[in-house]
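In the numbering used here, the protein residues as written are -4 to 97.
A virtual CB, placed ideally from N, CA and C, is assigned to each residue, including glycine.
Here's the structure, in structure tokens; my notes come after.
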């Protein structure tokens, strides 16, 4: 994630910490995975992101509980909300991850 964001996001953002950069890249990944619900490519990306091989949900729960610039935190929460809307079966995993990451 850091390698990806260093080439794309940090070009104009010198005040982002590495953790903020990871959160920003995660937000972008969530956007792409949830934006096209019903589209085969987006559905495959979302399934891979929250599936057993990657299981991004615990990492996402840790990211949203850390301090970040407000626009970034809002973006993460918006995409988390979209994830729940596009994959309702992920609610129990998200609840468990948020409860256990604190």
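{"Asked": "Buried or exposed by the 16-neighbour rule on C-beta atoms within 10 Å, applied to residue 19", "Found": "buried"}
{"Asked": "Distance between beta carbons of residue 75 and residue 55, contact taken as under 8 Å", "Found": "7 Å"}
{"Asked": "Cβ-based burial, residue 17 [other Cβ within 10 Å; buried from 16]", "Found": "buried"}
{"Asked": "For residue 61 and residue 14, believed in contact at Cβ under 8 Å, the rounded distance", "Found": "6 Å"}
{"Asked": "First and last residue of the uninterrupted alpha helix (DSSP H) at residue 73", "Found": "65 to 81"}
{"Asked": "Alpha-carbon to alpha-carbon, residue 10 and residue 103", "Found": "Outside the displayed range of the chain (-4 to 97) lies residue 103, so it cannot be described from this structure."}
{"Asked": "Beta-carbon gap between residue 29 and residue 77 smaller than 8 Å", "Found": "yes"}
{"Asked": "Cβ-based burial, residue 21 [other Cβ within 10 Å; buried from 16]", "Found": "buried"}
{"Asked": "Exposed unless 16 or more other CB atoms sit within 10 angstroms - verdict on residue 92", "Found": "buried"}
{"Asked": "Local Cβ density within 10 Å of residue 25, reported as buried at 16 or more and exposed below that", "Found": "buried"}
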